[in-house]
Amino acid sequence: MSSTAIRKNKAEGAAQPEPETSRPRPERHCSVRKTVEIVLDSWTFLVVREAFFGVRRFDKFQSRLGVPRQTLSSRLAMLAENGILFSRKGVVPRGHEYLLTEKGKDLFSTMLSLMEFGDKWLTGGEPPPLTLIHKTCGHVCHPTTVCAQCHEPVGAREVSFRDGPGAGFSAFEVKNRFRRSSDTTLLQRVRPCSVARSLQIIGDRWSFLILREGWFGVRRFDEMMEKLGISSNILADRLSRLVEAGVFRKERYGGGDRFEYRFTDMGHDLYKPMIVMMRWGDRWLSEGRSPLRLRHRNCGQDFEPQVVCSHCCGEIAARDTDYELTYQID
Ligand SMILES: [Zn+2]
Ligand SMILES: [Zn+2]
1015 MSSTAIRKNK
1025 AEGAAQPEPE
1035 TSRPRPERHC
1045 SVRKTVEIVL
1055 DSWTFLVVRE
1065 AFFGVRRFDK
1075 FQSRLGVPRQ
1085 TLSSRLAMLA
1095 ENGILFSRKG
1105 VVPRGHEYLL
1115 TEKGKDLFST
1125 MLSLMEFGDK
1135 WLTGGEPPPL
1145 TLIHKTCGHV
1155 CHPTTVCAQC
1165 HEPVGAREVS
1175 FRDGPGAGFS
1185 AFEVKNRFRR
1195 SSDTTLLQRV
1205 RPCSVARSLQ
1215 IIGDRWSFLI
1225 LREGWFGVRR
1235 FDEMMEKLGI
1245 SSNILADRLS
1255 RLVEAGVFRK
1265 ERYGGGDRFE
1275 YRFTDMGHDL
1285 YKPMIVMMRW
1295 GDRWLSEGRS
1305 PLRLRHRNCG
1315 QDFEPQVVCS
1325 HCCGEIAARD
1335 TDYELTYQID
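Those letters in the sequence shown? Residues 1015 to 1344, per this note's numbering, in order.
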């Protein structure tokens, strides 16, 4: 990317970013984290989503998303650099087409799992904005995250973990060079979308790290501060947002004015898209050395998440789906 493009990116957001810790800190190895660095940039995510909806050409991405040209160029370049999209000369004169690679297509189950979560928890009583049709069986379907071994739907409490071959802590260099827009409503631009709504909850870097520590059993303010090297005001802010979003509930402990943060049922459910993302990261970013091994307690086998059709229980691939929107676009 040219220096002009970098400067342009820096000028995009109105609000100042929160200071990142300047020296690299030892961090838990985590495939979700690596995935998040790639996918959870708002614009990047929107570009990938439109690609799943069949958009291929620059102008079409631009008109669908209302995104500045420079921003779109930089995101397309980043996605190509990370092997998620590739470009080829299109059939239309002067046009390049951007297509999902296998690695990119494999993000579909992450999108579906985020959709499952958003459809369940974040529609505010309205019908989900998008109805999926599984062409393989011809029925309307809801994505459902199950155990690939026993095919039972899975919950966070039923999965245990142990260290895998890539486990450990090391300095994590923040690679995401894009400033995240502080305006999370960006994610709902153009299309109402359950996936976007779910990302609004996970989608901030600190919130994501707090959630992750939660799944590792870290519940108390001081402990989180120490584990994450996060300042107390940022931590307090993110925790109150996560409580407000319904992911955590705050509980008094030790008789005094001390609180711990426990997952609500909704919070536990967020575990599903996180493990689907984690497996994507294991497959594509960890060179086969997954930091965590999961076990499904119910069947006793190593846990591999799979997103299947609620009607026929077959795995859902992007090419086998169609969709109907319950709202108008364009
Ligand atoms: Zn199982
Ligand atoms: Zn089906």
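Beta carbons: idealized from backbone N, C-alpha and C, even for Gly.
C-alpha distance - residue i paired with residue j, whole-angstrom precision
| i | j | result |
| --- | --- | --- |
| residue 1133 | residue 1230 | 26 angstroms |
| residue 1249 | residue 1214 | 17 angstroms |
| residue 1262 | residue 1135 | 14 angstroms |
| residue 1121 | residue 1208 | 16 angstroms |
| residue 1065 | residue 1225 | 28 angstroms |
| residue 1073 | residue 1067 | 15 angstroms |
| residue 1190 | residue 1332 | Residue confidence is low: residue 1190 scores 43 on pLDDT, short of 50, so the model does not pin down where it sits. Its coordinate-derived value is still stated next. Roughly 27 angstroms separates the two Cα atoms. |
| residue 1285 | residue 1090 | 29 angstroms |
| residue 1221 | residue 1125 | 19 angstroms |
| residue 1335 | residue 1166 | 22 angstroms |
| residue 1325 | residue 1137 | 21 angstroms |
| residue 1160 | residue 1131 | 13 angstroms |
| residue 1162 | residue 1271 | 44 angstroms |
Cβ-Cβ separation, residue j to residue i (assumed contact under 8 angstroms), whole Å
| i | j | result |
| --- | --- | --- |
| residue 1147 | residue 1338 | 7 angstroms |
| residue 1227 | residue 1238 | 6 angstroms |
| residue 1110 | residue 1119 | Actually they do not touch by this definition, with Cβ atoms about 19 angstroms apart. |
| residue 1275 | residue 1219 | Residue 1275 to residue 1219, Cβ: 18 angstroms. No contact. |
| residue 1144 | residue 1212 | With 8 angstroms as the limit, residue 1144 and residue 1212 do not qualify as a contact, their Cβ atoms being about 13 angstroms apart. |
beta-carbon residue i near ligand 2 non-hydrogen atom, thresh 7 angstroms
| i | result |
| --- | --- |
| residue 1150 | yes |
| residue 1323 | yes |
| residue 1138 | no |
| residue 1156 | no |
| residue 1132 | no |
| residue 1110 | no |
Per-residue DSSP class, three states only, for residue i
| i | result |
| --- | --- |
| residue 1215 | helix |
| residue 1224 | helix |
| residue 1287 | helix |
| residue 1248 | helix |
| residue 1327 | coil |
| residue 1084 | helix |
| residue 1333 | helix |
| residue 1276 | strand |
| residue 1134 | helix |
| residue 1099 | strand |
| residue 1145 | strand |
| residue 1315 | coil |
| residue 1153 | strand |
Any non-hydrogen atom of ligand 1 within 7 angstroms of residue i CB
| i | result |
| --- | --- |
| residue 1164 | yes |
| residue 1312 | yes |
| residue 1161 | yes |
Check: residue i C-beta below 7 angstroms from any heavy atom of ligand 3
| i | result |
| --- | --- |
| residue 1315 | As presented, the structure is devoid of ligand 3, carrying ligand 1 and ligand 2 as its sole ligands. |
Beta carbon proximity, residue i to chain E, threshold 8 angstroms
| i | result |
| --- | --- |
| residue 1316 | Chain labels in this structure do not include chain E; a single protein chain is all it has. |
Is it the case that the segment 1054–1063 contacts the segment 1071–1087, given that we only count it when at least three CB pairs across the two stretches are under 8 angstroms?
yes
Evaluate contact between the segment 1254–1265 and the segment 1293–1313, counting only Cβ atoms and requiring at least three cross-stretch pairs below 8 angstroms.
no
Tell me whether the segment 1090–1106 and the segment 1115–1127 touch, counting them as touching only if at least three CB pairs, one residue from each stretch, are closer than 8 angstroms.
yes
Between the segment 1277–1296 and the segment 1313–1331, do three or more beta carbon pairs fall short of 8 angstroms?
yes
Tell me, please, whether the segment 1305–1315 touches the segment 1167–1177 by the rule of three or more beta-carbon pairs shorter than 8 angstroms.
yes
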